[in-house]
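Residue numbers (our numbering), protein chains in the order written: chain A, 34 to 556; chain X, 96 to 417. Think of the CB as a built atom: it goes at the ideal place given N, C-alpha and C, for glycine as much as any other residue. Treat the numbers as computed from the prediction; the structure is a model and nothing was measured.
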Amino acid sequence: MNEQQQTLWGFMVQQSDKLLTQTLQHIGLTFISLIIAVLVGLPLGILITRKKNLSGSVLGIAGILQTIPSIALLGFMIPLLGIGVKPAIVALLLYALLPIIRNTYTGITGVDAAVKEAAVAMGMNKWQVLFKVELPLAMPVILAGIRTATVINVGVATLASYIAAGGLGEFIFGGISLNNTNMILAGAIPAALLAILFDFLLSLLQHLNLKKLKRAAIALPVLLLVMASFYFIPSAYGGKLTAGFTPEFMGRQDGNLGLQSKYGLKIRTIVISDAIMYKAAFEKELDVISGYSTDGRLKAYGLVILDDDKKIFPPYYAAPIVREDALKKFPDLEKILNMLSGKINDSIMTDLNYRTDYLHQSPERVAKDFLIAHNLWQPKRGGNGSIVRIGSKIFGEQYILASMYTMLIKGYTNYNVATKTGLGGTKICFDALTNNQIDLYPEYTGTGLLAILQPTQKAIDALAGDRDKTYIYVKNEFEKRYQIKWLQPIGFNNAYALMMRKKQADELGVKTISDLKQYLERK
Amino acid sequence: MIKVDHLSKSFGKIKAVDHISFEVKEQENLILLGTSGSGKTTTLKMINRLIEPTGGKVFINGENILDQSPEVLRRGIGYVLQNNGLFPHYTVAANIAIVPQLLKWDKKRIEHRVSELLEKLHLDKTYLNVYPNELSGGQQQRVGLARALVADPPVLLMDEPFGALDNITRSKIHAEFKALDELKRKTIIMVTHDVQEAFELGDRICLMHKGKIIQNGTPTELLFRPANSFVKDFLKEQRLQLEFKAIRLNDIAPLPPEGGAFDLHGERVDAGVALWSVLEQFKFTKAEGLSIINHQNKKIGSISFEELMAAFYQYKKHQPHE
Ligand SMILES: Nc1ncnc2c1ncn2[C@@H]1O[C@H](COP(=O)(O)OP(=O)(O)O)[C@@H](O)[C@H]1O
Ligand SMILES: [Mg+2]
Chain A
34 MNEQQQTLWG FMVQQSDKLL TQTLQHIGLT FISLIIAVLV GLPLGILITR
84 KKNLSGSVLG IAGILQTIPS IALLGFMIPL LGIGVKPAIV ALLLYALLPI
134 IRNTYTGITG VDAAVKEAAV AMGMNKWQVL FKVELPLAMP VILAGIRTAT
184 VINVGVATLA SYIAAGGLGE FIFGGISLNN TNMILAGAIP AALLAILFDF
234 LLSLLQHLNL KKLKRAAIAL PVLLLVMASF YFIPSAYGGK LTAGFTPEFM
284 GRQDGNLGLQ SKYGLKIRTI VISDAIMYKA AFEKELDVIS GYSTDGRLKA
334 YGLVILDDDK KIFPPYYAAP IVREDALKKF PDLEKILNML SGKINDSIMT
384 DLNYRTDYLH QSPERVAKDF LIAHNLWQPK RGGNGSIVRI GSKIFGEQYI
434 LASMYTMLIK GYTNYNVATK TGLGGTKICF DALTNNQIDL YPEYTGTGLL
484 AILQPTQKAI DALAGDRDKT YIYVKNEFEK RYQIKWLQPI GFNNAYALMM
534 RKKQADELGV KTISDLKQYL ERK
Chain X
96 MIKVDHLSKS FGKIKAVDHI SFEVKEQENL ILLGTSGSGK TTTLKMINRL
146 IEPTGGKVFI NGENILDQSP EVLRRGIGYV LQNNGLFPHY TVAANIAIVP
196 QLLKWDKKRI EHRVSELLEK LHLDKTYLNV YPNELSGGQQ QRVGLARALV
246 ADPPVLLMDE PFGALDNITR SKIHAEFKAL DELKRKTIIM VTHDVQEAFE
296 LGDRICLMHK GKIIQNGTPT ELLFRPANSF VKDFLKEQRL QLEFKAIRLN
346 DIAPLPPEGG AFDLHGERVD AGVALWSVLE QFKFTKAEGL SIINHQNKKI
396 GSISFEELMA AFYQYKKHQP HE
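What follows is the structure in structure tokens.
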């Protein structure tokens, strides 16, 4: 199906099951973490009004937690809590804490001293002062804090999909990787609506008069619990093995959709970012993952590729793609970029990736070692010609390739080079290229075909997964549609692949994807 | 009834209250008078343990207040704050009912008591379900007073209760205050910086300065036997008015030994009343003087306004400092 012609509404209807699941998960994640944040933050906020010398450090720590970038915070959680719901909730909780603690503190310290004194003078004990005077009067401020925390949580919860905790981020990040605007919007619009809706509902609560607030204060925990329970409704999908697929893989015909339609594979699946997927497989959190065939971590973590016996994964041969006006502006460029052509096969690329991803060598060093070993390296000329802008996606292989191109250009020409590495996904890279933000980046034939060109299923079937046919098809189409040229393939095929731990695959006797399906269907 | 014994309180280097001692007899109305910062509030708050003293003792009915739990102690002492400290989230009725709620009175009793107090304090019943911010300053102050009186505590502490009110409202409330029967039964310590108010409402006055009591005495004692020039200077302003407030009718116009009463245009006038209020009553009647009547309501003598004034100056002449 051609997704570009599909309306957003059409997409949402077609994917309504998933959309509902993700929305419920999103609400659940937001509110589970919110409840815990209130349970922790409220007493903590009260405590620091009593022990004022603690207030500086408590608010300080909560403030620092909030400045940690969300992705990094999620990353820190993995070694401690693994992947899935637990780390996501803890991370969300940490973000929600500051506004709740801070507002509890300011709310209570802001209560008129004369009113507090009157309460004490009439013979209330400290608990009566807290519950009858301080909390009710601070409630509007505390609710404002909860409101802020809710909106923050709705936003940050989109990132939960990175660590397999679900939520609307699955669509958003899947859509970015797949260059599928409908998919992005199908995630982003409900997320935005949730934020607006919860903000509105809480603002109603906040502006209730004090009498009704009392009733609301009882209703609120109940409501929160109901919302929180949403998370657990959709996850009733048992199974022997667990698969972790990237959001991108989930939405692709040459991904999970193909696994289901061509192989009939039914496996308990969670969505996860590729940054942590391999590690999770290694640590037995996952059994089957959707990796890339040249990924260095394959080697590092003892994983094997399951043979794609029904050929659902099309070829992903890598080649630099360049805007044609850039080729005119830099006449020597094409020749230089083609120097790598045919030099790197699958096993070389896997090895190079292993050195960056696992041995943590810098991409520059790996690139230079390779060029020297193949007699391609020349010292920088230090010329001061115009600047070639090289882009790359946000994973190791692309960094290595970008480094190699940088070195070749600087060594063989007088051009200067600017690199814009780590451009999120395909969509971001490709948009940067067409909008003249970069001049070139390494792309894969399969990605060009399925994520960018998105031809009809018939056209795809006609290519029959053939390496050369695919290359020629994307080359011609890119020239026609975008005035972008595919240079010669570098040599390796970084295709999708299903992988398992070698030990487990051997034990279960699983060598191909069909074997896996049969194993799963055995009772 | 209340005995304060060498009470002190320091905040760091500041001696807010410095070894003060005084006693308040049952049903007496003692005024702590002094300029701002003289330690009045601190003294008052040490009596219901809102502030713990750094030295000295307080006894109420012979019992050291430190021997009771502070909550129980406070529930037996009414407290009126300067800026009233009403709960903004409670209605007037709920505000007044706070202490009875703490004492776990039943609902009927609370309702009954609250409406009784409203009536005594001239507050309309329609205010019961209104929030404090919808009331005028004078009304708020009355609710504050009702809240302190509701459980009928024997002791009442008041910290500048009328300080935030305009002059007209204040003198109106003063008059009500003096007339309120509930207050007549109470032992009251009231803080004020307003000399006129002190003279109008106080049976006795403790004049404080820098944490110390400079003089403790009746209004007339302070006026006519000041302990030092500080006291004298303190009372210098509007002295005549103070004298009218300090001197009572029976100080200058004794009733006949066989008994009788004063009558002003058909209204009884209490012999112990301050000259000031007699003069105020003259303003509203066309009477030329007070009549003295016997038990059978028969007029047995009279004092004209001029004679009253002459007696007043005569009285003053006999005071040591005049
Ligand atoms: N909590 C406190 N901390 C430090 N100093 C205080 C505190 N309360 C009162 N003081 C000081 O004690 C002195 C007496 O205060 P206060 O009893 O409030 O006086 P008054 O009520 O007569 O105006 C003042 O100098 C005041 O600044
Ligand atoms: Mg004071």
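Rounded straight-line distance, which links the Cα of residue j to that of residue i
i: Pro249 of chain X; j: Met157 of chain A; result: 19 Å
i: Ala585 of chain A; j: Leu67 of chain A; result: The shown model of chain A, from 34 to 556, leaves out residue 585 of chain A, and the question about it has no answer.
i: Val91 of chain A; j: Leu127 of chain A; result: 12 Å
i: Val187 of chain A; j: Arg180 of chain A; result: 11 Å
i: Met45 of chain A; j: Thr56 of chain A; result: 12 Å
i: Asn389 of chain X; j: Thr137 of chain X; result: 49 Å
i: Glu383 of chain X; j: Ile342 of chain X; result: 21 Å
i: Gln219 of chain X; j: Thr282 of chain X; result: According to the sequence provided, residue 219 of chain X is Asp. The question's Gln does not apply to it. If I take the Cα positions, the gap works out to 27 Å.
i: Thr63 of chain A; j: Gly199 of chain A; result: 12 Å
i: Ala219 of chain A; j: Leu234 of chain A; result: 23 Å
i: Lys84 of chain A; j: Ile175 of chain A; result: 19 Å
i: Ile97 of chain A; j: Leu75 of chain A; result: 18 Å
i: Val321 of chain A; j: Gly277 of chain A; result: 6 Å
i: Val543 of chain A; j: Leu201 of chain A; result: 33 Å
i: Leu441 of chain A; j: Thr383 of chain A; result: 21 Å
i: Val245 of chain X; j: Met253 of chain X; result: 15 Å
i: Thr545 of chain A; j: Asp342 of chain A; result: 6 Å
i: Thr439 of chain A; j: Leu373 of chain A; result: 12 Å
i: Phe282 of chain A; j: Arg248 of chain A; result: 47 Å
Within chain X, the residues that residue i reaches when beta carbons sit closer than 7 Å
i: Asn158 of chain A; result: Glu166
i: Val166 of chain A; result: Phe182
Residue i at chain A interface by Cβ criterion, 8 Å
i: Arg204 of chain X; result: no
i: Val194 of chain X; result: yes
i: Arg169 of chain X; result: yes
i: Leu317 of chain X; result: no
Cβ-heavy atom distance, residue i to ligand 2, below 7 Å
i: Glu255 of chain X; result: yes
i: Val290 of chain X; result: no
i: Val286 of chain X; result: yes
Own chain partners of residue i with C-beta closer than 6 Å, once the 5 adjacent residues on each side are dropped
i: Ala95 of chain A; result: Leu130, Leu131, Ile134
i: Ile308 of chain X; result: Ile115, Cys301
i: Gly151 of chain X; result: Asp100, His101, Leu102, Ser103
i: Leu125 of chain X; result: Val119, Ile284, Arg299
Same chain, Cβ closer than 8 Å to residue i, five either side skipped, listed in chain order
i: Pro396 of chain A; result: Thr389, Gly429, Tyr432, Ile433, Ala435, Ser436
i: Gly354 of chain X; result: Asn389, His390
i: Pro120 of chain A; result: Leu107, Met110, Ile111, Leu113, Leu114, Ile196, Ala198
i: Pro321 of chain X; result: Gln310, Lys327, Leu330, His416
Chain A residues whose Cβ lies nearer than 7 Å to that of residue i
i: Gly180 of chain X; result: Ala147, Val148, Glu150, Ala151
i: Arg143 of chain X; result: Correcting the residue identity first, residue 143 of chain X is Asn in this sequence and not Arg. Ordered by position in chain A, the residues that pass the 7 Å Cβ test against Asn143 of chain X are Ala154.
Distance cut-off 7 Å: residue i Cβ against heavy atoms of ligand 1
i: Gly129 of chain X; result: yes
i: Lys135 of chain X; result: yes
i: Ala111 of chain X; result: yes
i: Phe106 of chain X; result: yes
i: Gly132 of chain X; result: yes
Own chain, CB closer than 7 Å to residue i, minus 5 neighbours either side, in chain order
i: Leu272 of chain X; result: The sequence shown places Phe at residue 272 of chain X, rather than the Leu named in the question. Only Leu278, Leu296 meet the Cβ criterion.
i: Ala105 of chain A; result: none
i: Ile309 of chain A; result: Ile111, Ile116, Ile196
i: Leu359 of chain X; result: Gln376, Thr380, Ala382, Leu385
i: Val563 of chain A; result: In this structure chain A extends from 34 to 556, so residue 563 of chain A is not present and cannot be described.
Interface flag, residue i vs chain X, CB-CB below 8 Å
i: Leu176 of chain A; result: no
i: Leu170 of chain A; result: yes
Partners in chain X for residue i, counting only beta-carbon separations shorter than 8 Å
i: Pro120 of chain A; result: Those within 8 Å of Pro120 of chain A in chain X number zero; the least Cβ separation is about 40 Å.
Proximal residues of chain A, C-beta to C-beta of residue i below 9 Å
i: Leu139 of chain X; result: Ordered by position in chain A, no residue passes the 9 Å Cβ test against Leu139 of chain X, which lies about 10 Å from the chain.
Residue i Cβ short of 7 Å to ligand 3 heavy atom set
i: Ala124 of chain A; result: Among the ligands present in this structure, namely ligand 1 and ligand 2, ligand 3 is not found.
Contacts of residue i in chain A (Cβ-Cβ under 8 Å)
i: Tyr174 of chain X; result: Ala151, Ala154, Met155
i: Leu197 of chain X; result: Met155, Gly156, Met157, Gln161
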